[in-house]
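To start, the structure itself, in structure tokens.
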Amino acid sequence: SMSGEQAALAANFDSMVNNMVDANGAAIYPFSMIITTSDMTKDTIQKNYIDKLTSTKAEFDFAQFKADFKSAIYVGTNGSAAERMYEAVNYVLVNESSFYTENRLSIIVNVSDEPEQSTSKSTAQWAQTFQNSKIMDPGAVRVFNIVEEINDKRYVDMAAITGGKVYNIRDPFDGIMNDISITVKNLVSSFRLKTGRVINDSTLVVKLDGRTLLSSEYTYASNSLRLVTPPAEGAVIDVSYDYSPIYVYLP
Numbered sequence: 002s003m004s005g006e007q008a009a010l011a012a013n014f015d016s017m018v019n020n021m022v023d024a025n026g027a028a029i030y031p032f033s034m035i036i037t038t039s040d041m042t043k044d045t046i047q048k049n050y051i052d053k054l055t056s057t058k059a060e061f062d063f064a065q066f067k068a069d070f071k072s073a074i075y076v077g078t079n080g081s082a083a084e085r086m087y088e089a090v091n092y093v094l095v096n097e098s099s100f101y102t103e104n105r106l107s108i109i110v111n112v113s114d115e116p117e118q119s120t121s122k123s124t125a126q127w128a129q130t131f132q133n134s135k136i137m138d139p140g141a142v143r144v145f146n147i148v149e150e151i152n153d154k155r156y157v158d159m160a161a162i163t164g165g166k167v168y169n170i171r172d173p174f175d176g177i178m179n180d181i182s183i184t185v186k187n188l189v190s191s192f193r194l195k196t197g198r199v200i201n202d203s204t205l206v207v208k209l210d211g212r213t214l215l216s217s218e219y220t221y222a223s224n225s226l227r228l229v230t231p232p233a234e235g236a237v238i239d240v241s242y243d244y245s246p247i248y249v250y251l252p
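End of the sequence shown = 252 in the working numbering, gap-free, step of one.
Okay, structure coming up:
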């Protein structure tokens, strides 16, 4: 039964949402959530909550937003014992395609006390299916697995392929949810500079909506740029730089 884990998710939701909404009640970044189950014998999606678990609702009535999450997370414990997490994710992708937008991250969090049994495809094929929902940036899909079978190759491989993580379901949920939300927060404000050459760090100029940022407002390493404060939705980020010179030795 997953009743204990559902209760733990509800009880420790604050550990996650506090990294999504600031102390003034403003969303740190725009988000929407869908909650589903792994029971593929029925319609798995908590459809009554799709429009309620959003950053807009959180800003409008934070207490109600948290109450709705805690209600939605109790998906029940009856049904098939076969944990088909990846099929359930795919079901959401197919049936709620309008929920996903090309320019946003897709963070998938699976919680299970059983092995992963979506055996109609290999793990690599499932990962490709999920990443195909972000044609322009497949790296915008990350899968986090909170599971008892932490050595289950299907959970481990999915996290590795998508740049996610595997957590032990028996560890404290507050720490797990805090870690996931911090990781997501950093991803929201991070950008990969797609170039095959080495960038001269000293020439880097970053502008946000036309304003040149101070070096203290961002970090840069290995072609990855991260803003200290996540940008607002629709913000324009302009990055200019010079390449480091290439020296060719001619004997």
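Where a beta carbon is used, it is the ideal one built from N, C-alpha and C, also for glycine.
Just so it is clear, the structure is predicted and the values come from calculations on it, not from any experiment.
Confirm, please, whether the CB-CB distance from Ala-236 to Asp-210 is below 8 Å. yes
Let me confirm a value: Ile-29 is counted as buried when at least 16 other C-beta atoms fall within 10 Å, else exposed. Which label applies? buried
Going by C-alpha distance, which of Val-240, Arg-198 and Arg-212 is nearest Ser-223? Arg-198
Stretch-stretch touch, CB-based, cutoff 8 Å, three pairs: the region 210 to 219 with the region 6 to 18: Judged by pairs of C-beta atoms under 8 Å, the region 210 to 219 does not touch the region 6 to 18, as fewer than three such pairs exist.
Please return the same chain residues whose Cβ sits closer than 7 Å to the Cβ of Lys-71, not counting the five positions on each side in sequence. Ala-11 and Phe-14
Using 8 Å as the cut-off, can you tell me whether the region 175 to 184 makes contact with the region 114 to 133, which would need three or more C-beta pairs spanning the two stretches below that distance? no
I think Leu-226 touches Val-207, with their Cβ atoms under 8 Å apart; what is that distance to the nearest whole Å? 7 Å
What separation, rounded to the nearest whole angstrom, lies between the Cα atoms of Val-93 and Thr-37? The alpha-carbon atoms of Val-93 and Thr-37 are separated by roughly 8 Å.
With distance defined between alpha-carbon atoms, name the residue in Phe-145, Met-159 and Ala-161 nearest to Tyr-168. Of Phe-145, Met-159 and Ala-161, the residue nearest in Cα terms is Phe-145.
Going by DSSP in three states, Asp-239 sits in which element: helix, strand or coil? strand
Relative to the C-alpha of Ala-128, which residue among Gln-118, Met-137, Arg-143 and Asp-138 is closest? Arg-143
Run of the beta strand (DSSP E) containing Leu-1, from where it starts to where it stops: For residue 1 there is no data in the structure shown, the boundaries of the chain being 2 and 252.
Since I believe Ser-39 is in contact with Ala-84 (beta carbons under 8 Å), could you give me their beta-carbon distance rounded to a whole number of angstroms? For the record, residue 84 in the displayed sequence is Glu; it is not Ala. Contact holds; Cβ gap of about 5 Å.
Compare the beta carbon distance of Val-110 and Ile-51 with 8 Å and say whether it is the shorter of the two. No; because the gap between Cβ atoms is not below 8 Å, this pair is not in contact.
Exposed or buried, what is Ala-125 when buried is set at 16 or more other beta-carbons lying within 10 Å of its beta-carbon? Counting other Cβ atoms within 10 Å of its Cβ, Ala-125 stays below 16 and is therefore classed as exposed.
Could you name the residues that DSSP lists as bridge partners for Tyr-92? According to DSSP, which records beta bridges pairwise, Tyr-92 is partnered with nothing at all.
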